[in-house]
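So the structure is just underneath, and the comments pick up after that.
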Amino acid sequence: MMKLIKAFTYALRGVYTFFSSDPNGKLELCFAIIAIATGFVLHISNTEWIAVLLCTAMVISLEMINASIEKLCDMVEPNFHTTIKSIKDIAAGAVLVSAVVSLIIGLIIFLPKIFEQLN
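This is the structure:
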């Protein structure tokens, strides 16, 4: 049980470190808060909540992995290296793909409800 508690503590420390030190993490946390608040305001369905929460978790998790890869690459090779650049670009690309798909899903969920409120 103590191992589980320690592992959970380390994971929470990682989440705190990420959100307190990574500018992209802070930005994505703001977007997540906005999406969740909008979900409450617009009374989205359970299925829509699942989509919003999965998208939010996907983008933030991939950004955390991206930040970890960047830190590791910088530690392993502090000087410019084309392979390191490719690794960082690919990791950043994964975040971009997830963010774009999440944005599209968010628009599909929220826009009809916003237009309905405006009419």
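Residue numbers for the sequence shown follow the numbering used here, so the first one is 10 and each next one is one higher.
Cβ atoms here follow ideal geometry from the backbone N, Cα and C, with glycine treated the same way.
In the structure shown, the three-state DSSP call for Asp31 is coil. Pairwise C-beta distances place the segment 53-67 in contact with the segment 109-120, as three or more of them are shorter than 8 Å. Of the candidates Leu105, Glu79 and Ala103, Glu79 places its Cα closest to the Cα of Lys94. Separation of Thr91 and Ala44 (C-alpha to C-alpha, rounded to the nearest whole angstrom) is 37 Å.
Setting aside the 5 residues that flank it on each side, Ile69 is surrounded in the same chain by Glu37, each with a C-beta closer than 6 Å to its C-beta; the list follows chain order.
Distance from Leu71 to Ser107 at the Cβ level is roughly 5 Å; contact confirmed, criterion being Cβ atoms closer than 8 Å.
Selection Gly48, Asn55, Ser54 and Met73 evaluated against Thr26 yields Met73 as nearest (Cα-Cα).
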